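Everything below concerns the one structure shown next.
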Amino acid sequence: MITRTGLLEELRNRRLVAIIRGSDPAASVRTALTLAEEGVHLVEVSLSGRDGLAVIEEIARTAGDAVRLGAGTVLTGDDARRARDAGAAYIVTPSLGAGVDEALRLDLPVLAGALTPTETAAAVAAGATAVKLFPASAHGPAYLSALRDPFPEVPFVPVGGVGAAEAPAFLARGAIAVGVGSPLCGDAPHGGDLAELRDRARTFIAALETGAAGRRAGS
14 MITRTGLLEE LRNRRLVAII RGSDPAASVR TALTLAEEGV HLVEVSLSGR DGLAVIEEIA
74 RTAGDAVRLG AGTVLTGDDA RRARDAGAAY IVTPSLGAGV DEALRLDLPV LAGALTPTET
134 AAAVAAGATA VKLFPASAHG PAYLSALRDP FPEVPFVPVG GVGAAEAPAF LARGAIAVGV
194 GSPLCGDAPH GGDLAELRDR ARTFIAALET GAAGRRAGS
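With the sequence shown counted from 1, adding 13 to any position gets you the working numbering.
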C-alpha cells in the first residue's frame, strides 16, 4: 500500500513509470523484474494486456517492495476493485470516469488521464493524485508548459509517445515524471530480448537525469 504523498514522492524521485502491456504474461512479469534490477521501480501493468490481473498478482508476489506496482487502463469500478485485490497499489486511467471514482473510494492513489484544461480541472476536483497528460505526443512539451501556467501546482505525468529523446524536455517543462510503454519495454512483454530491455532502461534513466538537471537549472 502507498499513500498519495508517498506516490508523489516516488514519482518525483524516480521520474519514470514503465508501462507494461504484453501478450505473454510470463514475459510481462520478467519485464517488470528486469526493469527493477535496472533501477526502474515504478511499474504500471495495463489491464488491456493479456491476463493483466494475473500479471499484477505475480509481480506483487515475486517482486515485493522492489516494484511500486500500479494498474493501468482502469476504466470501470470493477476494474479498480479487481486491480486492488490483485495487488495494485495505485490506479492509472486514460480518462475520468467510474474507474477514477471507485479508486478514490477505495483510497487508492490515482493518476487520472486528462489532456485539456477542462479535463485537468475536473481531475483535480475529483481528487486525483496526479494528472496523466495523455496523449502527450499530441502537443508536446510546449503544450505542457502552457498548461502549467493556470495549473502550476498540479503534478503532471506525460504519457503516450514519450521516447528517450522527448522525455528530458517534458521534465524540463515541469513534469514530475513520464510514463513510457513501448519506447522503453519494446518487445520484452511479448517474449523479446531482455538484454535490449536493460539497455533501453539505462538510456531512459540517463536521459531523465539530463531533464531533471535542466528543470533544476531553470527553477
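Every residue, glycine too, gets a C-beta built ideally from N, C-alpha and C.
Everything numeric in this text was worked out from a predicted model, so none of it was measured.
The segment 77-149 contains, as complete alpha helix (DSSP H) runs of 4+ residues, the segments 90-99, 111-118 and 130-139 (chain order). Buried is the label assigned to ASP37, since at least 16 other Cβ atoms lie within 10 Å of its Cβ.
Taking the CA atoms as reference points, ARG17 sits about 16 Å from VAL80. At a Cβ-Cβ threshold of 7 Å, SER59 and ARG27 do not count as neighbours. SER36 carries a coil assignment under DSSP once its states are collapsed to helix, strand and coil.
Per DSSP, the beta-bridge partners of GLY192 are VAL30 and VAL172. As a beta-bridge residue in DSSP terms, VAL56 pairs with ALA31 and LEU82. ALA67 and VAL172 have their alpha carbons spaced roughly 24 Å apart. With fewer than 16 neighbouring CB atoms inside 10 Å of its own CB, ALA155 falls in the exposed class.
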